[in-house]
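For the sequence shown, my numbering assigns the number 2 to the initial residue and increments by one for each residue that follows. Using N, Cα and C, we set each Cβ at its ideal position, and we do this for glycine too. Keep in mind it's a predicted model, so treat the numbers as computed, not measured.
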Amino acid sequence: MTATRTTGARPHRRGTAVVRLLLPVLALGLTLGGCQAAPPTSTDPTSQGSTVKTSEFSTLDAAGVATIRESKAARLDMSSGRLEKSAVNVTDDSYGPEINTRDAGKISLSITAPNGEVSGETDRIRFNTTGSRPDFSEVTYFLTADSAADYFSLVRDGVRRYGIDSGSAERWISSAEAAPDAKSDFSLTSGNATGLEITYDLRYDGGAGTRVIIVHVLPAG
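Printed below as a string of structure tokens:
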């Protein structure tokens, strides 16, 4: 009588071996997975600069005025033809400040105009407006000179840069040179070469040494 082979037990042992082999592999995978770095947390937007508003132009709130006084520099944006209150961080019902640094040195003022720039070294800047308009009706600053020659040079500079009437300017200079000690308050015909209206009011007293130009910068149109 021939004995019958029993083969059912072997496949069972092979399956058990496969399972035993897979268990360590899975355990290793889980261990490695637990060692992976966690996803980076989101960065505070302010540290990236994405929510911080910066500007190359000055503001006219208390902090901005303090910065102008300290740095002796002011830059205003009138490239649209006007100086909006919102652009200098003040409310529409605010009145403009007056910045006076006579005892601390002059401020380098520059105003970006629709065409070019208006600029000067000044120790006094005024901003005219009312509480019912959203912009400033006028920016006024003061130029001074140590000598008559320097003063006449400032007048001619306004003619060249801003389109102030040259005939008016040269006639006034000629009269002042002819009477060195004379006193004169004279307004030159305005120019608009920059897209802003620029007027020079001359305050001159040769005998007393007063040599001041009051520069009025008005919105275009």
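Looking at the backbone, the Cα of Gly-196 and that of Glu-171 are separated by about 23 Å. Going by beta carbons, Ile-112 and Thr-123 fall outside the 8 Å limit. By the CB criterion at 8 Å, Thr-141 and Ser-169 fall outside the cutoff. Nearest C-alpha to Leu-203 among Ala-209, Phe-153, Val-213: Val-213.
Per DSSP, Leu-110 is one residue of the beta strand (DSSP E) stretching across 108-113. Membership of Ala-74 in the beta strand (DSSP E) is indicated by the continuous run 74-78. Here Ser-188 carries a strand assignment [DSSP, helix/strand/coil]. Bounds of the beta strand (DSSP E) holding Asp-206 are 198-206.
Proximity to Tyr-201 across Leu-84, Trp-173, Arg-103 peaks at Trp-173, based on C-alpha coordinates.
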